[in-house]
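Peer 1: Attaching a single structure in structure tokens format; questions to follow.
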């Protein structure tokens, strides 16, 4: 690489917003419900002040600072101040266990911590350990709208600083002198694995620049200067799906819903700020839909044109109901390692299909994104036929797919990466148009008598039962068949007395092949979940290990 | 760079089109007017065959082959076959002088030449020289729909091959094994300088990948799979403005109008193929508009939604007339060295302005593109005020701006590049919204008594005279004032007897400051132009050097 080759850095976005969109608005909700509005011009000044603070603390290029925070304008400021001076931001997942948080911080060796005020109690025991194991911690900065440190409740965190207090008198025009290259790590976050401690995903400036540019593509999310984005995706999760960075690149208005937001808060903000686009997992959008339907208050969400829904599928009837409200839901598929693999936009070839047939495609995880290369591979690495039936593992590579975990051994990388390709562990089919249907997680497939049973399909059929809220299929060891399915079922609150195993089996018997019928059905009131809300099959298998042997 | 970091190569686009858009259509017009249609699937096979041919000729990675060709599907095939195997395509500008062509080929050391059949006579004298100066020329391949070499007219080109003949029996599934990195040169072309021989612009795979991705951005041209592109921009000029590559990335239908296309051919193809987008210089679109207005035949261009117009400005009334036909013209500004700097899309802030005021912005060259960093600098490198008045030189950098010329000395690079920034030589103002107005070429500004006179402004005022078709203002040396303006004027064909210097002076006198009034006005019937159709002020100054001294 020539030394004067253009280096793709986040400073490009920051400076663009300052120059071209100084008056566009970042709206943020404080913990007390107050709404604060800052222009990009003002945000540039605050980001400059924060960068000055980091410099004053002696934080050096390629060192890291950590955030333990909600979606606020202060977190946004850290999203830019740190990377734009060559410092890494480590976004700690609030939902990780204390042990995993400590593990990840020790790995990154964070020098300074930005802690949301209401999360102080949760972080105190973590800090207590870290103060013994890390020698270079410079302090804990509390994210709050308070301006005087004396207004904080007593805490064991020390040295303690207050964000608004320490940035207040700093220089509002920091010199981001860009003396680092595009392969410098901009952010790192950790993702829960199926075994052992979480693994780190380090994202370079190059990766972030390219991913954000791709988000503006008409083939993807068409995010532009006419948009107003609400940040529903947690900023501690996969860089907030790159909405904060993309919004800055194009000068979109942005809305940060703050600590502990509810469906009501989201819906109010959408109406007040005329939000046009959001992302998010299905749960929050189901909650919003139920809130709208409960009808206690009228919410005008007419400005919202599209929602990118990831993590799992939004039920079709919910997609249809949103559609009637003018909101287009598209499914996006990806992972922490490769955040954007596919999306369920309709191809023009499908425009003339009956609506009912179009839903088949909208309900899939869509076709590969521009820039992303995808293959679906059999165990022997041969490619599946694109016939909607042949199954294999999704593997992908792209400018925004990592090719190894952060500071991990070859052993912990094995299985996930090979020759620059990411092996997702997701089993899928692809149809002739390139639409992908996820069949199962590689580790969750149930192999009975040499035949695969899809746990996802079994769950979907079961949840179609009118009295069932959720179902979870897992494999039990079986002497004769190798594995056999066991089904956990959460019934409707009002039916939990009346529903029984017989009902479910009877319901399933006409809907799945006979050999798919579970050997055991367990009626339960809760299912273990991971930090990001997915069913935690590892934990579930462990919990039921005594009943899972036949 | 880690070795397994994702490498952005054109193969990504080629494979994507094959996998996801095998049935989309590339339409091409042959020299005899026949229309041929190939799917991306078929094109992939032909590109494979062509790659096999290049391999059989012994062309190695990082060596170059040259094209001397029109906009056809064969040229498109070469656009992919060569780069995707790590070979450089050198697109020779058909309008360069013989001496410059020889100079450029000797610089690149092209090994194989792809010559359009009708251009054989033009290339024969070039080849005659090259056969003496270059030792490794493997031959001349004629681009034609003919299948038998005996059907070609006699030629001195030797060894001679026929394209359709040599690819016919080759392997249709070439192994593009990608054993080269993203900084490998994909294409090279030459751009006329103000002094001396043309300079080479080498474009890497990375550059092409990123520029094409940016073309799909909703902030730029929103090129997507629902588009049908007609290639009006010559493919020998700045990679056809990246339309062929972008079209392939998104699987758009593409239309190549072939050798010697006319406005009638373009308009017919737009109607027949339901073209949605094009690029091009104003001249061709003015010709098309006049053709439509002449009304000999009805042309349905209702499918065309947008045209990217570069090189110079389309007159406002033409933009308005197209607008009434449903076509949105946007001005794009750039150069060979930095092909995409700005574009005249309207910002949402301007949506509510009266139409008349909006035209001020549409007539500008617009605001900087996503990804492009722009500064406008005074001579002392301080930045101009964004007030629409303060003037300075446009400098830019981006992932698709080169940072030096191909194989050039420091001396020949000086003035154009500094610290990774490209110095355009264009003088401009920027208004508070970031809209750029080009005032002049640095070298064409006229400095009289210490004050700048804009040659472009003077020309624009003069062409507003009802009897004037075109005007060209140049600087004459002047003992007292340093420089004084001289104006060349091309009058309307019917007025050339009646118009005189007095008329023009009188017309100008009420419209420009007194000290702008030209010291001499020359009525003439033609003005020298560069290979891409711009006024060649270097040549003009030279031609009139004897009359340009006061």
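Residue numbers (this note's numbering), protein chains in the order written: chain S, 1 to 550; chain R, 551 to 1100.
Positions of the beta carbon are idealized from the N, C-alpha and C atoms, including for glycine.
Does DSSP put residue 811 of chain R in a helix, a strand or coil?
Peer 2: In the structure shown, residue 811 of chain R sits in coil (DSSP, three-state: anything other than H, G, I, E or B).
Peer 1: Hey, could you find the ends of the alpha helix (DSSP H) residue 929 of chain R is sitting in?
Peer 2: Looking at the DSSP string, residue 929 of chain R is not in any alpha helix (DSSP H), and its letter there is neither H nor E.
Peer 1: Is it the case that the Cβ atoms of residue 240 of chain S and residue 460 of chain S are separated by a distance below 9 Å?
Peer 2: Cβ distance not < 9 Å, so residue 240 of chain S and residue 460 of chain S don't count as in contact.
Peer 1: Tell me which residue opens and which closes the alpha helix (DSSP H) that residue 770 of chain R is part of.
Peer 2: Neither: residue 770 of chain R is in no alpha helix (DSSP H) and is coded neither H nor E.
Peer 1: Helix, strand or coil for residue 2 of chain S, going by three-state DSSP, please let me know.
Peer 2: Residue placement at residue 2 of chain S is flagged as unreliable, the pLDDT there being 45, under the threshold of 50; a coordinate-derived value is accordingly withheld.
Peer 1: Do residue 99 of chain S and residue 774 of chain R have their beta-carbon atoms positioned less than 9 Å apart in this structure?
Peer 2: Contact: no.
Peer 1: Can you name the residues of chain S whose CB is closer than 7 Å to the CB of residue 766 of chain R?
Peer 2: Going along chain S in sequence order, the residues near residue 766 of chain R (Cβ under 7 Å) are 217, 218, 219, 370.
Peer 1: For a contact meaning CB atoms closer than 8 Å, what does residue 422 of chain S contact in chain R?
Peer 2: Result: empty, since nearest Cβ-Cβ is about 10 Å, beyond 8 Å.
Peer 1: First and last residue of the alpha helix (DSSP H) that includes residue 833 of chain R?
Peer 2: Unbroken alpha helix (DSSP H) run through residue 833 of chain R: 832-844.
Peer 1: Quick one, which of S:335, S:135, S:346, S:456 has its alpha-carbon nearest residue 398 of chain S's?
Peer 2: Considering only alpha carbons, the answer is S:335.
Peer 1: Quick check on the DSSP output: what are the complete beta strand (DSSP E) runs of length 3 or more inside the stretch 691-765 of chain R, in order along the chain?
Peer 2: Segments of the beta strand (DSSP E) lying fully in the stretch 691-765 of chain R: 710-712, 735-741, 749-754.
Peer 1: So residue 1026 of chain R and residue 1012 of chain R are in contact, right, with Cβ under 8 Å, and what is the actual spacing, rounded?
Peer 2: Not a contact, Cβ separation roughly 16 Å.
Peer 1: Report buried or exposed for residue 870 of chain R, applying the criterion of at least 16 other Cβ atoms within 10 angstroms of its Cβ.
Peer 2: It is exposed - the Cβ of residue 870 of chain R has fewer than 16 other Cβ atoms within 10 Å.
Peer 1: Return no unless some Cβ of chain R is closer than 9 Å to the Cβ of residue 223 of chain S.
Peer 2: Closer than 9 Å: yes.
Peer 1: Could you please give the first and the last residue of the uninterrupted beta strand (DSSP E) stretch that includes residue 946 of chain R?
Peer 2: Segment 942-947, the beta strand (DSSP E) holding residue 946 of chain R.
Peer 1: Is residue 401 of chain S close to chain R, meaning its C-beta is less than 9 Å from at least one C-beta of that chain?
Peer 2: Cβ-Cβ to chain R under 9 Å: yes for residue 401 of chain S.
Peer 1: Just to confirm before moving on: does the CB-CB distance between residue 39 of chain S and residue 237 of chain S stay below 9 Å?
Peer 2: Cβ atoms of residue 39 of chain S and residue 237 of chain S: not closer than 9 Å.
Peer 1: To the nearest angstrom, how far is the alpha carbon of residue 426 of chain S from that of residue 332 of chain S?
Peer 2: Going from the Cα of residue 426 of chain S to the Cα of residue 332 of chain S covers about 14 Å.
Peer 1: Using 8 Å as the threshold, is the stretch 560-573 of chain R in touch with the stretch 488-507 of chain S, meaning 3 or more CB pairs across them?
Peer 2: Judged by Cβ distances under 8 Å, the stretch 560-573 of chain R makes no contact with the stretch 488-507 of chain S, as fewer than three pairs qualify.
Peer 1: Could you tell me the distance, in whole angstroms, from the CA atom of residue 754 of chain R to the CA atom of residue 767 of chain R?
Peer 2: Roughly 21 Å separates the two Cα atoms.
Peer 1: Express the C-alpha separation of residue 115 of chain S and residue 58 of chain S in angstroms, rounding to a whole number.
Peer 2: Distance between the alpha carbons of residue 58 of chain S and residue 115 of chain S: 19 Å.
Peer 1: Can a CB atom of chain S be found closer than 9 Å to the CB of residue 552 of chain R?
Peer 2: For residue 552 of chain R, the predicted model reports a pLDDT of 45, less than 50, meaning its position is unreliable; a value from the coordinates is still stated below. At least one chain S Cβ lies under 9 Å of residue 552 of chain R.
Peer 1: Can you give me the C-alpha to C-alpha distance between residue 207 of chain S and residue 541 of chain S, rounded to a whole angstrom?
Peer 2: Roughly 36 Å separates the two Cα atoms.
Peer 1: For the alpha helix (DSSP H) containing residue 1094 of chain R, list its first residue and its last residue.
Peer 2: Here residue 1094 of chain R belongs to no alpha helix (DSSP H), and DSSP marks it neither H nor E.
Peer 1: With the cut-off set at 9 Å, would you say residue 137 of chain S and residue 176 of chain S are in Cβ contact?
Peer 2: No, they are not a contact pair.
Peer 1: Would you mind sorting residue 366 of chain S into buried or exposed? The rule is 16 or more other CB atoms within 10 Å of its CB.
Peer 2: That one is buried.
Peer 1: Whose C-alpha, out of S:468, S:85, S:200, S:30, is nearest the C-alpha of residue 490 of chain S?
Peer 2: If we check each option's Cα against that of residue 490 of chain S, S:468 comes out closest.
Peer 1: Closer than 8 Å, Cβ to any Cβ of chain S: which residues of the stretch 793-814 of chain R, in chain order?
Peer 2: Listed in sequence order: 799, 800.
Peer 1: Suppose only complete runs of 3+ residues qualify. What are the beta strand (DSSP E) ranges in the stretch 595-657 of chain R, listed by chain order?
Peer 2: Correct list: 614-618, 638-641.
Peer 1: Taking residue 927 of chain R and residue 946 of chain R to be in contact with their CB atoms under 8 Å, please state how far apart those CB atoms are, rounded to whole angstroms.
Peer 2: About 11 Å; that fails the 8 Å criterion.
Peer 1: Using a Cβ cut-off of 8 Å, pull out every chain R residue sitting near residue 397 of chain S, in sequence order please.
Peer 2: Those within 8 Å of residue 397 of chain S in chain R are 556.
Peer 1: Could you check whether the stretch 732-748 of chain R touches the stretch 627-645 of chain R, counting it as contact only if at least three pairs of C-beta atoms, one from each stretch, sit closer than 8 Å?
Peer 2: Because the criterion of three Cβ pairs below 8 Å is met, the stretch 732-748 of chain R and the stretch 627-645 of chain R touch.
Peer 1: Could you tell me which of S:443, S:479, S:465 sits nearest to residue 449 of chain S, measuring between CA atoms?
Peer 2: Considering only alpha carbons, the answer is S:479.
Peer 1: Exposed or buried, residue 832 of chain R, counting other C-beta atoms within 10 Å across all chains shown (16 or more means buried)?
Peer 2: Burial call: buried.
Peer 1: For a quick check, are the C-beta atoms of residue 877 of chain R and residue 851 of chain R less than 9 Å apart?
Peer 2: In this structure, residue 851 of chain R lies closer than 9 Å to residue 877 of chain R by Cβ.
Peer 1: Quick one: using the 10 Å Cβ neighbour count with 16 as the cut-off for buried, is residue 552 of chain R buried or exposed?
Peer 2: Below a pLDDT of 50, predicted positions are generally treated as unreliable, and residue 552 of chain R, at 45, falls in that range; no measurement from the model is reported.
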